[in-house]
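Take a look at the structure set out below.
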Amino acid sequence: MSITKNVRNKNLMVDLFCVVILVVVLVPFAWIFISSFKSYEAVQKIPIEYFPKKPTLETYEFILFNYRFGSWPRYLLNSLKISVITTVIVTMFASLSGYAFSRFKFKGAASLLILLLITQMFPGPSILIPMYKFICTLNLLDTHLALILINIAFTLPFAVWMSIGSYENIPADLEEAAYIDGCSLMGAYWKVVFPVSKIGLISVALYTFIISWAEFIFSLVIIESPEKMTVALKLGSMVSEMTVHWNEISAATVVVSLPLLAFFMWAQKYFIRGMVAGAVKE
Amino acid sequence: MNQSKSRLAYLLILPVVLYVMAFIVYPVFNVIQMSFTDRLLTDPSSGNFVGLASYRKIFTDPVTLTALKNTCVYVLGGVALTMLLGILVGQVLSCSTPFTSITTGLILIPWALPPVIIASVWKWMLHPQMGIINDILMKSRLIDKVIPFLSDPKKALFVLVAVLAWRLFPFQGIMVSAAIKGIPQERYEAAMVDGANVFQRFFYITIPGIKFLLMTTSLMNTIWILNSIALVLIMTGGGPLHYTELISTHLYKTGFKYYRFGEASVLSVANFIIILILSILYLYLFRSSWKRVVTKR
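Going line by line, the protein sequences match chains S and X.
Just so we're aligned: the first sequence equals residues 9 to 290 in the working numbering.
Just so we're aligned: the second sequence equals residues 861 to 1157 in the working numbering.
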């Protein structure tokens, strides 16, 4: 057997395997997407009607314009507000402190980094109880500010680590040159380092956005007013209802995923690079 | 210059450190302290020091013991299955064909979407009557009676582990493929010259080359699994009859259904301890890789 034929066979195997992986990963989303064009009667049908005989946009129309309990545009705005504010704040502070950690030698840097690494282990249900109490004390129950504060706390430690990784890839000579040309420390940061580190910061922003958009359990205990719900919280409550309207859930899922997928598709190239740099580098 | 530099560094880092102290370190200490009290959310006069009473109550509760066992199965099963699938997928994706890069781009989607969505999609697909999985299995005559995936006590936990691995394996695979691409090609060529077969090359070159990555990602996965509650809460809610109850769901119910904050705090502490033990376990298992990294610095 010739070498080229061998290589071609191997590539064929690889491509076949890729198809299997894609099917396993994407079928659930394809199912949701298809079902979002069905009516309630169509999703209730047994035996299952795989492709809608009469594709309809009525579920989208219903979700977006005349939803029974509350309003989806409102939930989307709520989630967008919380996630965008969280992302801007986290990216800003993570980039500044990541810069400090990667460029300046100072006492205690190592122990502070370890502190950040350890705090990364605690978010989630383990501090649900004390966080709830804390939010009560701050008088922030049933506010979006509470969710923003919590999301910042949960994403900041890892965001700092990610941004350190992105600065490590930028040669320090760049700023030295700026100093020589008469830039101040912060001047060098804004004019020289910040533009180059954009790629790293995009991945920090994407990470933060994904986590804030998905946050569920803290919203569940903190938000009480129906009009203040986030999209994740609303979806969760729809699935737990007595009669589940799967067509509505499908359409809502598509609507909820779109902003995320748009951001993700645009930024993922940078993102994979950023995550890999953090975890692979020895 | 140097002094002003380090002053600036502290200034840049201070907000982050203060924030983390207030919103993570303080709550952690707070919950440890609360675990020694009889705090009830509904009763403001509660919160008296009761020593280990809550601990005794929680750890003699059979539900806690089930939850502890389930959590171990869920975490270790999820991490192991993710790692196996990740290595397999990573091997494939590390071969460069035009199709592998498209695949890499598309398979990260489940990782980006909220767990709530993943939970609801799978809950529907696994449904005995309305779900497509049972329907397809029935139509292809692989089974002759529908399987109640999420309400069968013997299967539910393992089904959850499978969904968990489904959520985590694409990302793991992409990381592994990046690490495999980082292994110098000469090592493989030298091994082939020496007559090493595929398995030998895999076990003596690939695995050592990705060991460090496997450790970091397993640690990340463990923490993610222990801290993500939405998947189980929505798919089974801990049922049927506590068969899929985890420490985290038990904690949520104790705290926010029965308002027993003191007892729920004990479960928080248990969760911390599990994270700590597992972290130490990973660091020990992969000690040769991180020691090399640490000494290099």
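Quick reminder that beta carbons are idealized off the backbone N, C-alpha and C, glycines included.
field: Those residues which DSSP pairs with D903 of chain X across a bridge
entry: X:L900
query: Do the CB positions of S47 of chain S and E66 of chain S come within less than 8 Å of each other?
result: yes
- request: Identify the contact partners of L268 of chain S in chain X, using a Cβ-Cβ distance below 9 Å as the criterion.
  value: Ordered by position in chain X, the residues that pass the 9 Å Cβ test against L268 of chain S are A972, L973 and P974.
message: Below 8 Å on the Cβ atoms is my contact criterion, and I expect N930 of chain X with T1104 of chain X to pass it. Report the Cβ-Cβ distance as a whole number of Å.
response: With a Cβ gap of about 6 Å, N930 of chain X and T1104 of chain X count as contacting.
field: chain S residues whose Cβ lies nearer than 7 Å to that of I885 of chain X
entry: Here residue 885 of chain X is Val; the residue named in the question, Ile, does not match the sequence. Within chain S, the residues whose beta carbon sits less than 7 Å from that of V885 of chain X are T127, listed in sequence order.
- prompt: Are there three or more Cβ pairs, one per stretch, closer than 8 Å when the region 169 to 186 of chain S is compared with the region 249 to 259 of chain S?
  reply: no
- request: Could you pull out every unbroken beta strand (DSSP E) segment of at least 3 residues lying fully inside the region 912 to 1000 of chain X, listed in chain order?
  value: none
message: Let me check understanding here. Comparing Cα to Cα, which of S:I230, S:L72, S:N74 and S:S44 lies closest to P63 of chain S?
response: For P63 of chain S, the nearest C-alpha among the options comes from S:S44.
query: Between the region 863 to 895 of chain X and chain S, which residues of the former have CB atoms less than 7 Å from a CB of the latter, in chain order?
result: Those would be K865, S866, L868, A869, Y870, L872, I873, P875, V876, V877, Y879, V880, F883, I884, V885, P887, V888, N890, V891 and M894, in chain order.
- prompt: Are the C-beta atoms of N1131 of chain X and some chain S residue less than 8 Å apart?
  reply: yes
- request: Taking the CB atoms as reference points, tell me whether I1094 of chain X and S87 of chain S lie closer together than 8 Å.
  value: no
message: By the three-class DSSP mapping on this structure, what secondary structure does F114 of chain S have?
response: coil
Validate contact between the region 1079 to 1094 of chain X and the region 926 to 943 of chain X using beta carbons, cut 8 Å, 3 pairs: yes
- request: Consider the Cβ of Y48 of chain S: report whether some Cβ of chain X lies at a distance smaller than 8 Å.
  value: no
- prompt: In whole angstroms, what separates the C-alpha of A275 of chain S from that of S174 of chain S?
  reply: 15 Å
- prompt: The alpha helix (DSSP H) with G1122 of chain X in it runs from where to where?
  reply: F1121 to L1145
- request: Tell me, please, whether the CB atom of P60 of chain S is closer than 8 Å to any CB atom in chain X?
  value: Using a Cβ-Cβ cut-off of 8 Å, P60 of chain S does not count as an interface residue toward chain X, since no Cβ of chain X sits closer than that to its own.
message: Pop quiz: M955 of chain X and V22 of chain S are said to be a contact at Cβ under 8 Å. What is the actual Cβ separation, rounded to whole angstroms?
response: Sequence inspection shows Cys at residue 955 of chain X; the Met mentioned does not correspond to that position. Confirmed, about 5 Å.
- prompt: Under a three-way DSSP split, which group does F1031 of chain X fall into?
  reply: helix
task: Could you check what DSSP says for F130 of chain S in three-state terms: helix, strand or coil?
output: coil
- prompt: Whose Cβ in chain S lies nearer than 9 Å to the Cβ of A1124 of chain X?
  reply: Per Cβ cutoff of 9 Å: L136 and I137.
- prompt: Does DSSP classify F70 of chain S as helix, strand or coil?
  reply: DSSP places F70 of chain S in the helix class (H, G or I) of the three-state scheme.
query: Can you give the beta carbon distance from A107 of chain S to L872 of chain X, rounded, assuming they're within the 8 Å contact cut?
result: Just to set this straight, residue 107 of chain S is Tyr in the shown sequence, not Ala. About 7 Å; that satisfies the 8 Å criterion.
- prompt: From L85 of chain S to E235 of chain S, what does the alpha carbon distance come to, in whole angstroms?
  reply: 11 Å
field: For I1003 of chain X and L997 of chain X, the rounded distance between their alpha carbons
entry: Their backbone Cα atoms lie some 6 Å apart in a straight line.
Backbone CA spacing between F202 of chain S and T163 of chain S [nearest angstrom]: When rounded, the distance between both Cα atoms is 21 Å.
message: Taking CB distances under 8 Å as the criterion, tell me whether W198 of chain S reaches chain X.
response: no
- prompt: Relative to the alpha-carbon of L878 of chain X, which residue among S:C191, S:L136, S:S105 and S:A185 has its alpha-carbon at the smallest distance?
  reply: S:S105
query: How would you list, in chain order, the residues of chain S whose beta-carbon sits under 7 Å from the beta-carbon of G1115 of chain X?
result: L136 and I137
message: With a threshold of 8 Å between beta-carbons, can A161 of chain S be considered close to chain B, or not?
response: Any reference to chain B falls outside this structure, whose protein chains are S and X.
message: For L966 of chain X, tell me which candidate among S:A185, S:L30 and S:P267 has the shortest Cα-Cα distance.
response: S:L30
- prompt: Do the CB positions of L1020 of chain X and K983 of chain X come within less than 8 Å of each other?
  reply: In this structure, the beta-carbon distance from L1020 of chain X to K983 of chain X does not fall below 8 Å.
query: Which of the three DSSP states, helix, strand or coil, is assigned to F77 of chain S?
result: Judged by DSSP in its simplified three-state form, F77 of chain S adopts coil rather than helix or strand.
query: Per DSSP, F909 of chain X forms a beta bridge with which residues?
result: X:T897
- prompt: Of the residues that make up the region 989 to 1003 of chain X, which ones have a beta carbon closer than 8 Å to any beta carbon in chain S?
  reply: Q989, M990, I992 and D995
Within chain S, partners of M985 of chain X - CB distance below 9 Å: V35, P36 and W39
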